[in-house]
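Residue numbers (the numbering used here), protein chains in the order written: chain A, 187 to 470; chain B, 1297 to 1618; chain C, 6 to 622. Don't be surprised by glycine CBs; every beta carbon is placed ideally from N, CA and C. Since we're looking at a predicted model, the values are computed, not measured. Inspection log for the structure reproduced underneath, given as structure tokens.
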Amino acid sequence: MTLAAPAAPVRLTRRLPILGVPVIVWLSIGFIVLTLLVALVGEWLFPISPVAQDLYRISTPPSADHWLGTDELGRDVLARLIAGSRTAIIGPFIVALIGFVVSSLVGIYAGYSGGAVDNIIMRVVDFIIALPGLLIAIVLVSVLGGGYWLAIGVLSLLNVQGDIRIVRGAALKERSLTYIEAARAVGVPKPRIMYGHILPNILALSASTFAIDFAGALVALAGLAFLGLGAEVGTPEWGSMLAEGQALLFSNPAAALAPAAAIILLAVSVNLIGDWAYDRYTGR
Amino acid sequence: MHTQSIVLHLLRRLLMLIPLAIAVSLVVFLLASLIPGGPVAALLAGKATDTATIEAMKARLHLNEPLHMQYFYWISGVVRGDFGTSIFTGQPVTAAIGERIWITLVLNLAGVLLCLLAGGSLGIAAAVNRGSLFDRAIVAFSLFLSSAPPFVLAIAGLYFLAYKLGWFPLFGLGRGGPLTTAWHLVLPAIIVSISPLGFITKMVRAAMIDQLDQDYVTFARARGIPFRQVLFAHAFRNAMVPVLTAAGLLFVGLLTGTVFVETVFGIPGMGRLLVTAVQFNDFPVMQGVVLFVAAWIVLTNLVIDLLYTLVDPRVQFGRASR
Amino acid sequence: MSGSTPLLAIKGLHVTHAAVSGPRTILSGIDLEIGEGETVGIVGESGSGKSMTAKAVIGLLPPRLVATGSIRFRGRELIGAGERTIADLRGPSISLLMQDPFTMLDPLMQCGAQIVEGLRLVSPRASSSELRAEAVHRLAEVGIRDPEVARRYPFQLSGGMRQRVALAAALAANPDLLIADEPSTALDVTTQAEILELLRSLQRSRGMALLLITHDLRVAFSVCDRVHVFYAGRVLEAAPAAALSAEPLHPYGLGLMLSEPMVDQRAETLTAIPGSVPPPDTVSTRCAFAPRCEWRRDICEAIRPALAEVEQGRLSACVRLPEIRQEMRARRQRESRPAAPRAEAAVARDALLRVEGARKEFGSRSGGAAAVVALNDVSIEIGVGESVGLVGESGSGKTTLGRCVVGLETLTSGRITIAGLDASNYDGADATTRRTLRKTAQIVFQDPYSSLNPRHTIGGVLSETLAVNAFDRSRIPARVAELLDLVGLPKSYASRYPRALSGGERQRVAIARALAVGPKLLVCDEPVSALDVSVQAQILNLLRQLRAELGLSYLFITHDLAVVRQIVDRVYVLYRANLVESGPVDQVLDAPQHDYTRRLIGSIPGHAREQISEGTR
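Written as structure tokens, this is what we have:
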């Protein structure tokens, strides 16, 4: 009975949005909140210490005493997973936050001002993009001795340029819209136009970029840790747990799979929210 | 097509690249000065030596001269193809890179092409069936892939496909002719292709959906052009422009994307070289690799630019869309 | 209508949108027939469902839209027939020409190639060179005689030329029925006339049937044999064009005709239909027009009137027609009475706005291409309390001039003086001068849908305007309420967001914003072009009223001569950056001196008096 185009229209009522937000987005938010809670109070609540070594039970698979088994030094995997949640959230959050703040300030300024200002800023950004990010991160971090905070710093620096480009592009588009002109005609001063008019309209885009940055930083930090460049050896950190767990793959796969699953789930949740925010922005 | 305007356009871009190239080389060079204790400390790696030897080393590395002279020596070496010598192996850096670059390139190329093919097809299929179960499965799938760290996929691939199922060889390149090498590269190539697959699929899908919503698509169909033709002759071509940006990023990452895969599979490529250099603080090698990759990025960007002008005639005439 | 099977027969067409929040009606119960070689028009404002009808016929409804009922082409049922059947019909039997020439063509494909695509459908065995030659022929058929155009890309052509290329592409497979959806709306008036004339002649020479969709009654009358009036998803009236233009038999049709400003005379007051077009679901059980109809009675709200034959060949969905017909006729006579001739307004001695020798170039620094000249030595003057029109098509420079007056652009050379102050360079002036200038001259933009920040409330917009102009903070809320009242909006609107307002309401807010700081000169840049006809009159009336109340001067920029006649005293005509004619509006429109002005007036659809019966409009 339909004359619709070949793209078969499927009732998306399966999504059952609650308050206009699809269920799956709620699930993602839920997972992130859970991780936050674990990061805040998990270590405090969980009975087993992440550094305690049970030397009689090295690399054992999951059991009643150790729900996720033990690693090569006899430490409880689950305890370390919980402890590692803190670094898993803080680092990427900082990277994404810096990205958001700097790109909002600089990106809108560049996009709105146009002309020479825009040119200069974009040349600088282009320059940073030309640097092979991950490599430089690896080199810098190794040269300067590794460390968690250093990794975060380097990643923030490299991350910012992508965000600036995105925000600048959006600001450029907004600038030509009539309501910005109307604000100019009426005499609204430039800073107010930039941050009172343009910024609110690109917040959804910024939110989505924040999410993507977070997930990206999470993965990158894990990668750096995997190469031995993250937090000091011994601190519970999902990436390094994965690296260490690689050796245990055949005796206690949980030692590698648990942190892998944690990283993936967190990244998926954040990415999902980011995609959803982006769809809201483009109005699809 | 106006060849002259294309050439002019490219020359302009090349010119703009020169300051960029210089800046990049400066950064790479300055990385050296960041090492605590200077390159000498790295070279000595903790071995106690008498002052004379140290002074001799310093002289050889021109470390007593002002910074800009050091840069000059270094850059003239680079231009001549001399990237220095590896602290660890004593091999000239260029040789070290030369041995490994082909493997990395082949691996990456295979991976990227696979990724583009798979991602392109999936993205188009998803866009055409927008809203269907198939589409949502693809979206979920690409979401998952974008969220999984590449080394996780590498390990998972190694564990399940090579170890558990034994379909593929486990490590290294094997002994034997190019055919054995090629076979050993299959699984790593697949893994390399999977990492960016999520990203590419998402981009292609979004770009295609965007185009399919455009007026010219409706008009073409209304005139009676068969849907398939509209899809490939019209929508896909227009979608290429944003997709090219995404694909470009992949090619740019061609030399770096394999760090993890090479480590996990034990393949002697550029990535492994860098990792070992990092582990042993082999500074000349690190510097060389980074410089090489930076040059590659600059070059790829140029090629992508060229492709843009070929795909979109509006670029030639210096106009934006409309 | 002939007794044989009509070419296209639509009966009881319903289109619903299966939204997640519940089904939404787009079209309900559409009946329409087109015979071979006939030209039928669908006239409606936004929300009437006219475009959806076109898409339903050709089977390209957007996803999630479902069509039920019957659409028969040469007796073959299309609804439910499956994609294959309808796809075969597209091209050789039915084709569609869309509205926007700037987005209709594939930007990456040469024009000739896009025509060849269609040709190939009916001549699959022809060689490429044969097809290319034929494409050149088809271009000539639509008035493009330069064969080089076939090798150009769409972005290299003007709007009018793109529309012609699109037309050639749509006709490539020689369809029996062409559906043209607002084919001339996006074009200039002079180009509009050419395209409409082209459609007419093509229809004749090919013996093709034409379904023309438009919002402009005048266009429908000048081109179509029969006209259907759509409103809120249904047909309210259907009649032969001449009969309908002589006497509409439905209050909406009458209202529509009366709201359209006349070009040949100035009306005393413009009749506006109060309110705005409702969503079809809100009026599903009654007469769709009842909420806005001045003749409504209980019966109109109780049932949904059927489209019935009230005279030979004429259908109307008004149950009260027999009773109110006389009244409607009388109303029309009354409204058509021209206003008393204006007393010659003495030119005020002190000009509020004076522009001398304005020149504006948009140059490209690189590439060395010739700079685009938007204004060339234009001089105009507006006295205190005067309303002056600036008329021209796109590229004439009228918008540029308006923007320069309020400081959004700066002249390359020349002088602008506002109330004695030098306004030639806002950016270069000192802050005090700038502020005074802003308090003297303000602007109302064309598009009400993008001139308000979607994230600010109405009250927020107005408060901000006052705050940045150093208005006493404590008095801002009161002033906001005052402003809303001034433009006829309820005070409660202050807390609403633009998306909750209709186009007309948003434009009122834009006017309120412009008036917030109490300017003496209002630059109106096409303030009604983006609005529905029935709402246009509301805004024009408001502008007239405000002028009388506040003693404002207007610089009224528009391409629409009919609108200009209604609202200004004097008019300047711009053509390609040059001033070609000026004078009192009645004089310029009735006795144009310059060729271009004459062409402009002559292009207005239906302006030719033969289309309009004597004594009425």
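On the three-state DSSP scale, how would you describe residue i?
i	result
residue 394(C)	strand
residue 282(C)	coil
residue 577(C)	strand
residue 372(C)	Low per-residue confidence applies at residue 372(C): pLDDT is 48, beneath 50, and the placement is therefore not dependable, though the value from the model is reported in the following sentence. Coil.
residue 1554(B)	coil
residue 558(C)	strand
residue 19(C)	strand
residue 364(C)	strand
residue 268(A)	helix
residue 356(C)	strand
residue 588(C)	strand
residue 1496(B)	helix
residue 1314(B)	helix
residue 465(C)	helix
residue 260(A)	coil
residue 321(C)	strand
residue 1512(B)	helix
residue 244(A)	coil
Would you mind giving the Cβ-Cβ distance between residue i and residue j, rounded to the nearest angstrom? I have them listed as a contact below 8 Å.
i	j	result
residue 448(C)	residue 521(C)	12 Å between Cβ atoms; not a contact.
residue 260(C)	residue 53(C)	That pair is no contact at about 14 Å.
residue 254(C)	residue 321(C)	4 Å
residue 1454(B)	residue 1561(B)	7 Å
residue 384(C)	residue 411(C)	Wrong, their Cβ atoms sit about 18 Å apart, outside the cutoff.
residue 353(A)	residue 392(A)	7 Å
So, residue i versus residue j, is the Cβ gap smaller than 8 Å?
i	j	result
residue 185(C)	residue 102(C)	yes
residue 220(A)	residue 1439(B)	no
residue 1432(B)	residue 1505(B)	no
residue 1263(B)	residue 1585(B)	Any answer about residue 1263(B) is impossible in this case: the structure gives chain B only from 1297 up to 1618.
residue 80(C)	residue 213(C)	no
residue 440(A)	residue 255(A)	yes
residue 405(C)	residue 442(C)	no
residue 280(C)	residue 297(C)	yes
residue 401(A)	residue 1382(B)	no
residue 498(C)	residue 491(C)	no
Going by Cα to Cα distance, which pick from the options is closest to residue i?
i	options	result
residue 19(C)	42(C), 66(C) and 51(C)	66(C)
residue 1420(B)	1559(B), 1497(B), 1516(B) and 1319(B)	1497(B)
residue 542(C)	379(C), 100(C), 272(C) and 239(C)	272(C)
residue 368(C)	322(C), 389(C), 330(C) and 416(C)	416(C)
residue 1619(B)	1527(B), 1406(B) and 1323(B)	The structure shown does not extend to residue 1619(B), since chain B spans only 1297 to 1618, so no value can be given for it.
residue 509(C)	533(C), 527(C) and 523(C)	533(C)
residue 252(C)	316(C), 269(C) and 604(C)	316(C)
residue 231(A)	392(A), 243(A), 248(A) and 264(A)	264(A)
residue 298(A)	379(A), 436(A) and 312(A)	379(A)
residue 402(C)	378(C), 390(C) and 480(C)	378(C)
residue 1437(B)	1396(B), 1414(B) and 1457(B)	1414(B)
residue 335(A)	279(A), 453(A) and 377(A)	279(A)
residue 263(C)	224(C), 242(C) and 340(C)	340(C)
With a threshold of 8 Å, are at least 3 pairs of Cβ atoms found where one atom belongs to the segment 207 to 225 of chain C and the other to the segment 111 to 127 of chain C? no
Quick check: the segment 1602 to 1609 of chain B against the segment 31 to 47 of chain C, are there 3 or more CB pairs under 8 Å? no
Would the segment 391 to 398 of chain C and the segment 557 to 577 of chain C be scored as touching if the rule is three or more Cβ pairs under 8 Å? yes
The segment 224 to 242 of chain A / the segment 1302 to 1319 of chain B touching (three or more Cβ pairs under 8 Å): no
Check whether the segment 445 to 461 of chain C touches the segment 374 to 393 of chain A, taking contact to mean three or more Cβ pairs, one atom from each stretch, closer than 8 Å. yes
Determine contact between the segment 402 to 414 of chain A and the segment 297 to 315 of chain A, defined as no fewer than three beta-carbon pairs at a distance below 8 Å. No, because fewer than three Cβ pairs between the segment 402 to 414 of chain A and the segment 297 to 315 of chain A fall closer than 8 Å, the two stretches do not touch.
Spell out a yes or no on whether the segment 147 to 165 of chain C and the segment 104 to 120 of chain C are touching, meaning 3 or more CB-CB pairs, one atom from each, closer than 8 Å. yes
Check each residue of the segment 423 to 444 of chain A: if its Cβ is closer than 7 Å to any Cβ of chain D, include it; give the result in chain order. The structure shown has no chain D; the protein chains it does contain are A, B and C.
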